[in-house]
Amino acid sequence: ACNCRSRRNASWLRSPSGPEPRVPGRMLVARYLASLLVVGATVAAVGLLQSRTLLPSALLLYLLPVVLAATRWGRGPAIFVSVLSVLAHDLFFVQPVGTLSVERADEALGLVLLLFVAVVTAQLAVAARHALEKEQEAALARRSDEMKTALLHAVSHDLRTPLATIKASVSGLRQANAAY
Numbered sequence: 001a002c003n004c005r006s007r008r009n010a011s012w013l014r015s016p017s018g019p020e021p022r023v024p025g026r027m028l029v030a031r032y033l034a035s036l037l038v039v040g041a042t043v044a045a046v047g048l049l050q051s052r053t054l055l056p057s058a059l060l061l062y063l064l065p066v067v068l069a070a071t072r073w074g075r076g077p078a079i080f081v082s083v084l085s086v087l088a089h090d091l092f093f094v095q096p097v098g099t100l101s102v103e104r105a106d107e108a109l110g111l112v113l114l115l116f117v118a119v120v121t122a123q124l125a126v127a128a129r130h131a132l133e134k135e136q137e138a139a140l141a142r143r144s145d146e147m148k149t150a151l152l153h154a155v156s157h158d159l160r161t162p163l164a165t166i167k168a169s170v171s172g173l174r175q176a177n178a179a180y
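Numbering (this note's numbering), first residue to last: 1 to 180.
Shown next as structure tokens:
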């Protein structure tokens with residue numbers, strides 16, 4: 001049975017350039033593991049920054065792995081990184097630390113906004129990647145077309161030269177007063 005309502009409501013998650021190509025299982029697992037490692041490195045960097053200074057805009061650092069995942073590995077890993085970043089930040093840096101709960105409304109709003117901005121950024125990065133791929137395909141098609149045109153010009157020239165000689169010879173043969 002098709003759950004059409006959920007598909008219709010999740011249309012904003014789909015790329016305007018169409019679905020992403022299928023990736024073999026091992027490659028897909030490797031992409032998600034790499035995403036996990038990138039989030040871990042970002043959490044460590046945020047922890048280091050927050051231990052030395054009180055940086056209120058540390059949440060923005062989580063956009064870096066989102067953009068990296070979206071441009072390198074696609075939409076799925078990028079959304080995975082977005083959700084994982086929010087959960088990791090909540091777990092390690094939001095009071096009460098060590099739980100997935102939030103005491104203050106401003107911190108909850110910050111996490112929700114981080115998730116929203118991260119998902120939108122992921123979508124934009126994936127769309128940019130697809131546009132670049134289409135542009136490269138179009139350039140390849142243009143080069144191929146130029147090569148075909150050049151080949152046709154060369155072949156037509158090579159055919160015209162003997163035809164002109166044959167035509168001149170036939171014209172000479174058709175003349176009654178021509179001496180051979």
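Even glycine gets a Cβ: it sits at the ideal position worked out from N, Cα and C. Bear in mind that the values here come from a model prediction, so they are computed numbers and not experimental data.
{"Item": "Please list the segments of the alpha helix (DSSP H) lying wholly inside the region 44 to 89, counting only runs of 4 or more residues, in order along the chain.", "Value": "63 to 72"}
{"Item": "Would you please state the rounded distance, in angstroms, between the beta carbons of ALA70 and ALA30? I believe it to be under 8 Å.", "Value": "The pair is not a contact, with the Cβ atoms about 16 Å apart (cut-off 8 Å)."}
{"Item": "Nearest by alpha-carbon distance to VAL86: which of SER156, LEU63, SER51 is it?", "Value": "LEU63"}
{"Item": "Below 8 Å on the Cβ atoms is my contact criterion, and I expect VAL39 with VAL81 to pass it. Report the Cβ-Cβ distance as a whole number of Å.", "Value": "6 Å"}
{"Item": "Give the straight-line distance between the Cα atoms of ARG143 and LEU152, rounded to the nearest whole angstrom.", "Value": "14 Å"}
{"Item": "Where does GLU103 sit, in a helix, a strand or coil, going by DSSP?", "Value": "coil"}
{"Item": "Can you give me the C-alpha to C-alpha distance between PRO77 and LEU37, rounded to a whole angstrom?", "Value": "12 Å"}
{"Item": "What is the DSSP secondary structure of VAL170, counted as helix, strand or coil?", "Value": "helix"}
{"Item": "Among ASP106, ARG129, LEU111, LEU114, whose alpha-carbon lies nearest the alpha-carbon of LEU68?", "Value": "ARG129"}
{"Item": "Taking the C-alpha atoms as reference points, what is the distance between THR42 and LEU91?", "Value": "14 Å"}
{"Item": "Sort LEU33, ALA176, LEU59 by Cα distance to TRP73 and report the nearest one.", "Value": "LEU33"}
{"Item": "GLU107 and VAL117 look like a contact to me (Cβ under 8 Å); what is the Cβ gap, rounded to whole Å?", "Value": "Going by Cβ atoms, the distance from GLU107 to VAL117 rounds to 15 Å, so no, they are not a contact pair."}
{"Item": "Quick check on ARG75: buried or exposed, where buried means 16 or more other Cβ atoms within 10 Å of its Cβ?", "Value": "buried"}
{"Item": "Which one of THR165, VAL66, LEU100, SER57 has the shortest CA to CA distance from VAL120?", "Value": "VAL66"}
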